[in-house]
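Asks: When the count follows our numbering, it moves up by one through the sequence shown with no breaks and lands on 199 for the last residue. Don't be surprised by glycine CBs; every beta carbon is placed ideally from N, CA and C. Just so we're clear, the structure is a prediction, and the values are computed from it rather than from any experiment.
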Amino acid sequence: MRNYNLRDLTNIAQYNKFNRDTLEKVFRLSELLKLFNENEELKGKYVLKGGTAINLCLFDFPRLSVDIDMNFNSNSSKEEMLEMRELHRKLISAFVALDGYTIDPKSRFTFTLDSYLLKYTNAAGSRDNIKIELNYSNRIQILEPVNYKLSSQIINNESILALNKVELYGSKIAALIGRTTSRDIFDVFQLINK
Numbered sequence: 006m007r008n009y010n011l012r013d014l015t016n017i018a019q020y021n022k023f024n025r026d027t028l029e030k031v032f033r034l035s036e037l038l039k040l041f042n043e044n045e046e047l048k049g050k051y052v053l054k055g056g057t058a059i060n061l062c063l064f065d066f067p068r069l070s071v072d073i074d075m076n077f078n079s080n081s082s083k084e085e086m087l088e089m090r091e092l093h094r095k096l097i098s099a100f101v102a103l104d105g106y107t108i109d110p111k112s113r114f115t116f117t118l119d120s121y122l123l124k125y126t127n128a129a130g131s132r133d134n135i136k137i138e139l140n141y142s143n144r145i146q147i148l149e150p151v152n153y154k155l156s157s158q159i160i161n162n163e164s165i166l167a168l169n170k171v172e173l174y175g176s177k178i179a180a181l182i183g184r185t186t187s188r189d190i191f192d193v194f195q196l197i198n199k
């Protein structure tokens, strides 16, 4: 389990004008993403999507996105998917437990979605959580997913598999039309101006 030093987090947050606890959450999110990029069983089987993908893969965190949304990425039968899903649940549960997280009972596991709510104590001693949502209904992507090389100043993962930027843009615009949250407005503004 990685230790997060309160003083270092505070310095990095102040320098980058981020909230310290949100920055720690992004560091933790990055460590969780490494599991999906480096574990032989999980690698290539999940594709990052949504605001985290946009802010991590296309831009250098103009906004700190604090959850992980992924699509299962396998052209497999329902039976094969269910078998892999069960194995992946065990791997993810073991990994997060070793990394000091507890899976909150409010986590939901439905036919189409595994929604993990991971609880932890942050560097300041406060309880916090990270959400990971794994979608199993969108198993085939329209365009080939892209292995994005990351060049963030605050995250040091080498790369992450995510939706093609056309699909990222399209899904973010659809989210803006469908729910119109401030984060959607911000992300679409970034897409238009970069």
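1. Specify the secondary structure class of Val71 as computed by DSSP and reduced to three states.
2. Can the beta-carbon of Tyr121 be found less than 9 Å from the beta-carbon of Leu139?
3. Is the Cβ-Cβ distance between Lys54 and Leu148 less than 9 Å?
4. Spell out whether any CB of chain C is found under 9 Å from the CB atom of Val71.
5. Around the Cβ of Ile145, are there at least 16 other Cβ atoms within 10 angstroms (buried) or fewer (exposed)?
6. Using only CA atoms, which one of Tyr141, Ala180 and Ile197 lies nearest to Arg94?
7. Flag this pair as touching only if the stretch 75-94 and the stretch 170-187 have three or more C-beta atom pairs under 8 Å; answer yes or no.
8. Going by other Cβ atoms of all chains shown within 10 Å of its Cβ, with 16 needed for buried, is Ile190 buried or exposed?
9. Do Leu14 and Ala167 come within 9 Å of each other at the CB atom, strictly closer than that value?
10. To the nearest angstrom, how far is it from the Cα of Leu47 to the Cα of Leu103?
11. Determine the extent of the alpha helix (DSSP H) in which Asn78 is found, giving its start and end residues.
12. Assuming contact is defined by CB atoms lying nearer than 9 Å, are Ser70 and Leu63 in contact in what I supplied?
13. Are the Cβ atoms of Ala18 and Asn10 separated by less than 9 Å?
Replies: Straight from the coordinates:
1. coil
2. yes
3. no
4. Given the protein chain composition of this structure (a single chain), no chain C is represented.
5. exposed
6. Tyr141
7. no
8. exposed
9. no
10. 17 Å
11. Taken as a continuous stretch (DSSP letters only), Asn78 belongs to no alpha helix (DSSP H), as it is neither H nor E.
12. no
13. no
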